[in-house]
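Student: Just passing along the structure, written as structure tokens.
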Amino acid sequence: MQYNRIEADLREDAWYFGFYLGNSTLLAFYHDADIFDEDYAEFLLANRHVFAASFAVFSNNCLTPHPSDQSALTRAATWVAQSMLPTVACNYPIEPWELAPASQDRTFNAAFQHFGQALALGTLPTQIIQNHDYFPHVFNGGSFLEQVIMVFVNNLLVDADGLVVNEQAALERATWCLLRWIDRSVVLDPPITPWEINC
Numbered sequence: 001m002q003y004n005r006i007e008a009d010l011r012e013d014a015w016y017f018g019f020y021l022g023n024s025t026l027l028a029f030y031h032d033a034d035i036f037d038e039d040y041a042e043f044l045l046a047n048r049h050v051f052a053a054s055f056a057v058f059s060n061n062c063l064t065p066h067p068s069d070q071s072a073l074t075r076a077a078t079w080v081a082q083s084m085l086p087t088v089a090c091n092y093p094i095e096p097w098e099l100a101p102a103s104q105d106r107t108f109n110a111a112f113q114h115f116g117q118a119l120a121l122g123t124l125p126t127q128i129i130q131n132h133d134y135f136p137h138v139f140n141g142g143s144f145l146e147q148v149i150m151v152f153v154n155n156l157l158v159d160a161d162g163l164v165v166n167e168q169a170a171l172e173r174a175t176w177c178l179l180r181w182i183d184r185s186v187v188l189d190p191p192i193t194p195w196e197i198n199c
């Protein structure tokens, strides 16, 4: 059976999300107040559920664009801003549907949300990650989170109905990539290739 990769536009969106979230510049997309200089890294490290939910807000808005026409990046920035600065000016507060789990299993939306939860809550494959405390490294430069997300997304395959067929394999590959980032003695077999970290 022939399987396909996730569509290019969606992979590119995920790449941008990982880049801006990981290098602490996501709030550049928040337009209701000038909070670009707010450093949210420590907040997200201490509030992992907010980090995990940012994946849901982003992917839900990729699937169903917000009625305000705000981008998925802006909605994810809104979630982080609202969570960290509850009194900040906000014209379009986050709505329940933006935080909701994916309504259908095996979709990109479901897989992306699962990945965010696994990263945040420490449920990456234990046979790979073992006892490494990886989460504090998430904000050590934008490339870390960006590339881990891209390895996951680029390795996802979908069938003719657009349903993901290899979520666990993609999760394991991304986990190996993450482990290589925090422990340079790890040898990947096969090595990470350019198509896995680019959109």
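In terms of the UniProt record's numbering, the sequence shown has 39 at position 39, counting the first letter as 1, and numbering is strictly consecutive.
From the three backbone atoms N, C-alpha and C, an ideal C-beta is built for every residue, glycine too.
Does the Cβ of Tyr3 have 16 or more other Cβ atoms within 10 Å, making it buried, or fewer, making it exposed?
Tutor: exposed
Student: Please list, in chain order, all residues of the same chain as His132 whose beta carbon is under 8 Å from its beta carbon, the five residues on each side excluded.
Tutor: Leu179, Ile182, Asp183.
Student: Leaving out the 5 sequence neighbours to the left and right, which residues in its chain are closer than 6 Å to residue 200 when beta-carbon positions are compared?
Tutor: Residue 200 cannot be examined here, being either before or after the span of the chain that is shown, 1 to 199.
Student: Within 10 angstroms of the Cβ of Gly116, are there 16 or more other Cβ atoms? Answer buried if so, exposed if not.
Tutor: buried
Student: Tell me whether Asn155 sits in a helix, a strand or coil according to DSSP, three-state version.
Tutor: helix
Student: Rank Ser71, Asn61, Cys90, Phe58 by C-alpha distance to the C-alpha of Ile35 and give the top, closest one.
Tutor: Nearest option by C-alpha distance: Cys90.
Student: Using CA atoms only, rank isn't needed, just tell me which of Tyr92, Leu27, Cys199, Asp9 is closest to Ala41.
Tutor: Leu27
Student: Does the region 11-20 come within contact of the region 145-163, defined as at least 3 CB pairs closer than 8 Å?
Tutor: yes
Student: Measure the C-alpha to C-alpha separation of Ala120 and Met1 and round it to an integer number of angstroms.
Tutor: 34 Å
Student: Based on DSSP bridge pairs, tell me the residues matched to Asn4.
Tutor: Val158
Student: Looking only at its chain, what residues have a beta carbon closer than 6 Å to the beta carbon of Ala52, apart from the 5 residues adjacent to it on each side?
Tutor: Gly116, Gln117, Ala120
Student: Looking at the structure shown, is Val57 part of a helix, part of a strand, or coil, going by DSSP?
Tutor: helix
Student: Looking at Thr74: is its Cβ nearer than 7 Å to the Cβ of Phe29?
Tutor: yes
Student: Less than 7 Å between the C-beta atoms of Arg106 and Val164, yes or no?
Tutor: yes
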